[in-house]
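To start, the structure itself, in C-alpha cells.
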Amino acid sequence: MAALQVLCLFAAILVGAEAFLATPLNYTDPDIINILCPEQMVGETRDHKWITREGIRRNIRNFFLNYPPPGQPDFSVSTKASLTELYHAYYGEAASPTRFIKAVNSIAASNVRADSARQLRYDPAIQADAEDLPNLQKRLAERYPQTLTSIVEDEAFPEARILLGRSMHSIQKFYAHSTWIELGHHEILEDLGLPGFAFNNLAEPDEDVCTPCTNAQGSCNNNVIHSAGLSTGYYTYLASESGDFLVPKPTSGGKCSHGGILDDTADEAPKGGINKDTSSPCFSPHSNLHQEAAELAVKATSHYLSVILDGVGPDNYRKLFDLYHGSALSIVIDTTSSMSDSIVAVQNQVAEIVSNTEVEIYILVEYKDPEVGPILKTEDADEFLAAVNDLTASGGGDLPEMFWQALQLALANTPDYGDIFSFTDAGGKDGDIMESMISLAEQRHTKVSIIYSGAVSKNEESPLEQISSLETNPELYWSIITDVPEYERLADSTGGLFIPSDKFNIDDIAPILAEGVESSDVDLVIVKDLTGTHNMNIPIDNSIFDFEIRISGDITTGLLKDFTE
C-alpha cells in the first residue's frame, strides 16, 4: 500500500509531463527519490522552463551583438552572461531589466502550461506522441503566421508570447520524444514548425521501429531500428480527463513506447521505451541521450526565435521582449471646456519632457462626455507633440466625465510597468468598470497618477437636465459616479499620486512626468493614510544608484538620516 501511495503521489506531480519535465523536481523529497533513482542519474535534468530561458538567453545575446548599442560598434558580452547581465551590459547598470525578465518568463510560463492545461497535455499533436508528427507540424505551421500577425499588425505582444511558448513546447519535445537522435541526427531540424515544411522520412503505419528492451523499466539502449523511418513513442496512462486524446499503442509488436514508470504501454510489446525527458533511467529509458536532446532543444528554440526576428524586424523584436531603455509617456486628458487652462499648461511643458527624457512610446488619450478617444500611440516625438499642441477644450456640461473608459483605453496601450498621468477637473460617470480597471492596473504594474483641478461630490445636487439618459433613475446615476475618494484609491492601489490643484501648481508638471518615464524606477516602500509622527526605515544598498521620496499631502517637518554613518 505504501508503494502504491508513493506512485500515486508521483503521478499527481508529473501527470501530463509529456516531454521534458515542465519545471524542476525536488530531489530531496523521499517519495521522489524512491521513484526517480537519482543515484543512477548522470548529469542535470533540464526542464522546459530552463530550456526556454536558455534558448532565449542565447538568442538575445546574439541579437545584442548584431544590433549593438548606439556608439558601441565593438560591443561584446560573455557567452555565459545571464539574462539580467545581458540587459545590464547593453543598457547600463542603472537600467532595470524587470519588464524584459517578465516577458521572458511569460513565454516560459506558456510553454510549461502546455503540460498542465487539459486540452493540451493529452494531445499527441501537441506533445509529439503516438506517431502524430504530421499534425504536430501542421499545428506549428498554422501558429507561425498567427504569431507574426500578433506582433507586426496587432502589436499584441502578450498574446504573441503565449503563442511563442506554445510553439516552443512542441519544438522542444520533438527532440525528447522522437527517434531523431537515435537515427543519427546530431543537429536540429531547422525547418520544423515553419510553413512549407513536411516530413518525408516518417515510419509507415505497419513499419517496425523498435525492438524489445531487456526490461520494461530502466535504462535501455539501441532498441531503435536504424533503418526505420522517423517515429515517436506511444504513451498512455490512467487519466479520466484524457478523453479520446490518448492513442493506444498498436498491437503489431514493433512500435515504440514512450517508456518510464508512468507509461502503461512500457510493458506492451516491444517493451521498454525511448523518451529522453530526464537523466533518470527509471523515468527515461534513453536517459543517456537526455543531455543531447536538451541541447538540441535549446538550439532549436534559439533558431526559431531567429526566424521570428527575420519575420518581424529588430524594432518589433525589441517590443516582443520589452527591450526598452526608456519607458512610455502616457497621458489621459479631459478636454471639456473647463479644462482649457490645464490643457495649455500640459502643452507648454510636454516639449520639455520629450527633449529631456528617453521615451520609447508616447500615448495620448483625450476624452469628453460622451466621447472617449481618439488615442494616439506613436514612437515619433514630433507626431506626439503635434497631437498635444492640437488639443482644444470644448463641450461638456455635466461635471462627471467618462474617466474610467479613458483609463481603460490607456491601459490597453501602455506597456507593463509604465506610468499613466491623467488630467481632469471632474469625477467619473462610468464607475461601473472602476474595480476592473484598478485590478487591471495592478496586474500590469502600472502606476496611475491623477492631477486633479476640480471638484465633484455625490452630495451635490445635479440639475435634472444634466442627468442625460439616466435622468429617470437618479439613484442608479449616483451609484456609478466616482470622485476624489475613488481617485485617491486608484492612485494608492497602483503606487501613483493623487495631486489636487490646491496642493500643486499645474505649471510644474514636467518633473513629475519626467520621473514617470524612467525605466529604472522600483518602489521600495509605499505607505498611505499616515497621520501624526512616524519613523520609517527605507532599505538602501549599493544596488540602488539614486532614490527619491514622494509625499502627497501636508507635512510639517521631515528628517532623512543615514543610520550607517
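Heads up: the sequence shown begins at 1 in the UniProt record's numbering, then just goes up one per residue. Backbone N, C-alpha and C define an ideal beta-carbon position, used for all residues, glycine too.
Do L180 and L230 have their CB atoms nearer than 8 Å? According to the sequence provided, residue 180 is Trp. The question's Leu does not apply to it. It is a contact, given that the beta carbons lie within the stated cut-off.
Measuring alpha carbon to alpha carbon, tell me which of E379, P281, E366, L385 ends up nearest residue 630. Because the chain is modelled from 1 through 565, residue 630 falls outside the range shown and cannot be assessed.
From A130, D47, Q217, Y87, pick the residue whose C-alpha is nearest to that of F63; which is it? Measuring C-alpha to C-alpha distances from F63 to each of A130, D47, Q217, Y87 identifies Y87 as the nearest.
Since N111 contacts H169 with CB under 8 Å, what's their CB separation in whole angstroms? With a beta-carbon spacing of about 5 Å, N111 and H169 fall inside the 8 Å limit used to define contacts.
Would you check if there are 3 or more beta carbon pairs closer than 8 Å linking the segment 371-382 to the segment 115-135? No, the segment 371-382 does not touch the segment 115-135.
Throw me the rounded Cβ distance for the V77 and R99 pair, which I believe falls under 8 Å. Incorrect: roughly 19 Å between the Cβ atoms, too far for contact.
According to DSSP, which residues form a beta bridge with A328? I361.
How about I225 and D208: are their beta carbons less than 8 Å apart? Yes. Within cutoff.
N413 versus G395, A328, M402, residue with shortest Cα-Cα distance: It is A328.
Helix, strand or coil for D382, going by three-state DSSP, please let me know. Annotated three-state conformation of D382 is helix, per DSSP.
Return the CA-CA distance between Y362 and E488, expressed in angstroms with no decimal places. Straight-line Cα distance between these residues: approximately 25 Å.
Starting from Y452, follow the beta strand (DSSP E) in both directions and report where the run begins and ends. Boundaries of the beta strand (DSSP E) harbouring Y452: 447-452, taken from the DSSP string.
T557 to S82 span [Cα, whole Å]: Within the model, the alpha-carbon separation for T557 versus S82 is close to 45 Å.
When burial is assigned at 16 or more other CB atoms within 10 Å of the CB, is S436 buried or exposed? The residue in question, S436, is exposed, as its Cβ has fewer than 16 Cβ neighbours within 10 Å.
Backbone CA spacing between L476 and L407 [nearest angstrom]: Low confidence applies here, because L476 scores a pLDDT of 47, under 50, leaving its location unreliable and the question unanswered by this model.
Just how far apart, CA to CA, sit S43 and N288? Note that residue 43 is Gly in the sequence shown, not Ser. Within the model, the alpha-carbon separation for G43 versus N288 is close to 9 Å.
Y304 to I171 span [Cα, whole Å]: When rounded, the separation of the alpha-carbon atoms in Y304 and I171 is 9 Å.
Going straight from the alpha carbon of S338 to that of D315, what length do you get? If I take the Cα positions, the gap works out to 40 Å.
Alpha carbon to alpha carbon, what distance is there between K80 and R58? C-alpha separation (whole angstroms): 9 Å.
With three or more beta-carbon pairs closer than 8 Å as the criterion, would you say the segment 437-456 touches the segment 418-425? These segments touch.
Decide if the segment 353-362 is in contact with the segment 424-443; the criterion is three or more beta carbon pairs, one per stretch, under 8 Å apart. Between the segment 353-362 and the segment 424-443, the count of Cβ pairs shorter than 8 Å is below three; the stretches do not touch.
With 16 other CB atoms within 10 Å as the buried threshold, where does D550 fall? Reading off the sequence, residue 550 comes out as Arg, not Asp. With fewer than 16 other Cβ atoms within 10 Å, it is exposed.
What are the boundary residues of the beta strand (DSSP E) that includes P500? Start and end: 498-500.
Status (buried if at least 16 other CB within 10 Å, exposed otherwise) for F174: Under this definition F174 is a buried residue.
Please list, in chain order, all residues of the same chain as Q217 whose beta carbon is under 6 Å from its beta carbon, the five residues on each side excluded. Counting only Cβ-Cβ distances below 6 Å, and skipping sequence neighbours, we find nothing.
With which residues is L202 paired in a DSSP beta bridge? According to DSSP, which records beta bridges pairwise, L202 is partnered with L230.
Through-space distance from A269 to F197, alpha-carbon basis: Straight across, the Cα-Cα distance linking F197 with A269 is about 33 Å.
Using only CA atoms, which one of E131, L530, D369, E54 lies nearest to K249? Ranked by Cα distance from K249, the first of E131, L530, D369, E54 is E131.
What residue range is occupied by the uninterrupted alpha helix (DSSP H) comprising I343? For I343, the enclosing alpha helix (DSSP H) starts and ends at 340-356.
Can you confirm whether W180, when its beta carbon is compared against all beta carbons of chain D, has any partner nearer than 8 Å? The question asks about chain D, but that chain is absent: this structure has only one protein chain.
L83 (DSSP reduced to helix, strand or coil): Three-state DSSP puts L83 in a helix.
Tell me which same chain residues have a C-beta within less than 6 Å of the C-beta of I56, skipping the five on either side of it? Hits under 6 Å: V104.
Given a threshold of 16 other Cβ atoms within 10 Å of its Cβ, counted over all protein chains shown, does H534 qualify as buried or as exposed? Counting the other CB atoms within 10 Å of its CB gives H534 a total below 16, which places it among the exposed residues.
Taking just the CA atoms, how far does S178 sit from I274? Taking the straight line from one Cα to the other gives about 8 Å.
Per DSSP, what kind of secondary structure is K368 in: helix, strand or coil? Here DSSP, grouped into helix, strand and coil, assigns K368 to coil.
A156 to S150, Cα distance in whole Å? Taken atom to atom, the span from the alpha-carbon of A156 to that of S150 is near 5 Å.
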